[in-house]
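**Q**
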Amino acid sequence: MSKSDLEKRTVMSPDGEPIEINPLQDYFCDARPKVHEPVLPIFEKFLNWARSESLWVLGFGTGCGAIEMRPLMTPRFDAYRFGIQWRPTPRQSSVFIISGYLSVKTLKRVIRSYEQMQNPKFVIALGSCTINGGMYWDSYNTIKRLDHYLPVDVYIAGCMPRPEAILAGFEKLKELIRQGKGEGANLYAQNFDWYKANQKKIIKDWDMPDYNW
Amino acid sequence: MIMNTPLDNIKTVFPNADVWTQRQELYHMSIPKEQLVALVTHLKEVEGYLHLVQLTAVDWIEKNQFQLTYILNNPIKKIDVMVKTFIPRDNPTMETIHHLWEQAATYQRELREMFGINFPGSPRVDKPFILEGWDDIPPYRRDFDTKKYAEETYFPRPGRETHDPKEFMKKKLYPDEI
Chain Y
11 MSKSDLEKRT VMSPDGEPIE INPLQDYFCD ARPKVHEPVL PIFEKFLNWA RSESLWVLGF
71 GTGCGAIEMR PLMTPRFDAY RFGIQWRPTP RQSSVFIISG YLSVKTLKRV IRSYEQMQNP
131 KFVIALGSCT INGGMYWDSY NTIKRLDHYL PVDVYIAGCM PRPEAILAGF EKLKELIRQG
191 KGEGANLYAQ NFDWYKANQK KIIKDWDMPD YNW
Chain F
315 MIMNTPLDNI KTVFPNADVW TQRQELYHMS IPKEQLVALV THLKEVEGYL HLVQLTAVDW
375 IEKNQFQLTY ILNNPIKKID VMVKTFIPRD NPTMETIHHL WEQAATYQRE LREMFGINFP
435 GSPRVDKPFI LEGWDDIPPY RRDFDTKKYA EETYFPRPGR ETHDPKEFMK KKLYPDEI
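Order-wise, the sequence lines are chains Y and F.
Each residue of the first sequence is one higher than the one before, starting from 11 at the first, in this note's numbering.
Each residue of the second sequence is one higher than the one before, starting from 315 at the first, in this note's numbering.
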């Protein structure tokens, strides 16, 4: 790869149309998130049932609780029998498990990953660290309340919760989704400015777009 | 059984070094800041202390000093040696040792961030390591109030309080007898 490959230039598309490309620019949509209005209630009920039976989890272990995911997905506890599976990319997942403490550096990556997930999306927070800081209650680098930065659907208490507790939390999440209460993404869109203000208060070198997907 | 201790050679080469023994396989050395890199080089190249176990710092705020501790290991003789030096707390600067051990650059980067000790010439020493965009005083310094900073910054959840168990149960079980 030479330096000229990185320069802004016009190339011809296969259809013969000239296209301007800039290889150093990130291409993403930074429009503000929108609230998705529900469709007809009966359809929404069916969609919610379908969503609740197919929870795809983003495989992003943010803290110590990531170690509880391994027994959960392997044959002993086998979450796959409940329609829960792990995916390697935010584009394919609908559930984000915040597994334990979040440092500010990780929170930055978590926000970017969360915003890249498709609607509807749900957040499960594990452990006491996400509720009030837990054992890191006086730490200089660990957040205390996750719900100030992301909309949380289900909290699972414990330090760390066992895989059985996480399965129970998933059952609770399914219940909430079927009742039409899994509205985290819409909540995020409605209170977007409040969430962004909180995030920017602690992420001092904000060098990413406000919203990206 | 160790017949030839590392003490004998060191005192002849570095008369300024202060050496004492904690155990048969653990020695301490203290040396002025200017001669530290020479001593560490001598230990690595001549005495066979090939392994840098750790490089860490202690904040002696009462003496207005930082203590730097280099823990070295001799993998053949199975001996550890802790080389200590003191640097002033105001505008702390130390010579880098990344030319001896490459991994020292990571320790030095961390010390730069957590204690504010500068190591000029160390690779990537100015890049943020864990704290991105930190604008307060370095958090491992003892005059940094961690609890106050956390409470001001991270939205503490109300209701977190502690009770003395004896007083609390007394009040709960015998509310009249106070």
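Glycine included, every Cβ here is placed at the ideal spot set by N, Cα and C.
On a predicted model such as this, the values are computed, not experimentally measured, just so you know.
Helix, strand or coil: how does DSSP classify residue 471/F here?
**A** Position 157 of the second sequence holds residue 471/F. Three-state DSSP puts residue 471/F in coil, outside helix and strand.
**Q** Comparing the C-beta of residue 166/Y with each C-beta of chain F, is any distance below 7 angstroms?
**A** By one-based count along the first sequence, residue 166/Y stands at place 156. No, residue 166/Y lies away from the interface with chain F (no Cβ there is under 7 angstroms from its Cβ).
**Q** Check the C-beta distance from residue 131/Y over to residue 109/Y and give it rounded, since I have them as a contact under 8 angstroms.
**A** Looking up residue 131/Y in the first sequence gives position 121. Looking up residue 109/Y in the first sequence gives position 99. Not really, about 16 angstroms apart at Cβ, beyond 8 angstroms.
**Q** Please state if the CB of residue 146/Y and the CB of residue 111/Y are separated by a distance shorter than 7 angstroms.
**A** Within the first sequence, residue 111/Y is the residue found at index 101, counting from 1. Within the first sequence, residue 146/Y is the residue found at index 136, counting from 1. Yes, Cβ-Cβ distance for residue 111/Y and residue 146/Y is below 7 angstroms.
**Q** May I have the straight-line CA-CA distance separating residue 330/F from residue 399/F, to the nearest angstrom?
**A** On the second sequence, residue 330/F is found 16 positions in, with the first residue counted as 1. On the second sequence, residue 399/F is found 85 positions in, with the first residue counted as 1. Straight-line Cα distance between these residues: approximately 12 angstroms.
**Q** So is residue 32/Y buried or exposed if we call it buried at 16+ other beta carbons inside 10 Å?
**A** Along the first sequence, one-based indexing puts residue 32/Y at 22. With a threshold of 16 other beta carbon atoms within 10 Å, residue 32/Y falls short and is exposed.
**Q** Should residue 474/F and residue 142/Y be called a contact, given that it needs their Cβ atoms to be closer than 7 angstroms?
**A** Locating residue 474/F in the second sequence gives position 160, counting from the first residue. Locating residue 142/Y in the first sequence gives position 132, counting from the first residue. Cβ atoms of residue 474/F and residue 142/Y: closer than 7 angstroms.
**Q** If we ignore side chains and look at the alpha-carbon of each, how far apart do residue 22/Y and residue 36/Y end up?
**A** Position 12 of the first sequence holds residue 22/Y. Position 26 of the first sequence holds residue 36/Y. Residue 22/Y and residue 36/Y have their C-alpha atoms spaced approximately 20 angstroms apart.
**Q** Does DSSP put residue 81/Y in a helix, in a strand, or in coil?
**A** Here residue 81/Y refers to the residue found at position 71 when the first sequence is read from its first residue. Here residue 81/Y sits in helix by DSSP.
**Q** Should residue 395/F and residue 381/F be called a contact, given that it needs their Cβ atoms to be closer than 7 angstroms?
**A** Here residue 395/F corresponds to residue number 81 of the second sequence, with the count starting at 1. Here residue 381/F corresponds to residue number 67 of the second sequence, with the count starting at 1. No, these two residues do not count as a Cβ contact at 7 angstroms.
**Q** Check each residue of the segment 133–166 of chain Y: if its Cβ is closer than 8 angstroms to any Cβ of chain F, include it; give the result in chain order.
**A** 141, 142, 143, 147, 148, 149, 150, 151, 152, 153, 154, 155, 158
**Q** With a threshold of 7 angstroms between beta-carbons, can residue 322/F be considered close to chain Y, or not?
**A** Numbered from its first residue, the second sequence carries residue 322/F at position 8. With 7 angstroms as the cut-off, residue 322/F does not count as an interface residue toward chain Y.
**Q** How is residue 476/F classed by DSSP in three states: helix, strand or coil?
**A** Taking the second sequence and counting its residues from 1, the one referred to as residue 476/F is at position 162. Residue 476/F carries a coil assignment under DSSP once its states are collapsed to helix, strand and coil.
**Q** What residue range does the beta strand (DSSP E) around residue 365/F cover?
**A** Here the question's residue 365/F lines up with position 51 in the second sequence. Segment 365–374, the beta strand (DSSP E) holding residue 365/F.
**Q** Please tell me whether, using a cut-off of 6 angstroms, the distance from the CB of residue 205/Y to the nearest non-hydrogen atom of the ligand SAM is below it.
**A** Annotation note on the ligand SAM: not contained in the displayed structure, which lists no ligands.
**Q** Give me, in chain order, the residues of the same chain whose beta-carbon lies closer than 6 angstroms to that of residue 478/F; leave out the 5 immediate sequence neighbours on both sides.
**A** Working through the second sequence from its first residue, we reach residue 478/F at position 164. For residue 478/F, where only same-chain residues beyond five positions count, there are no Cβ hits under 6 angstroms.
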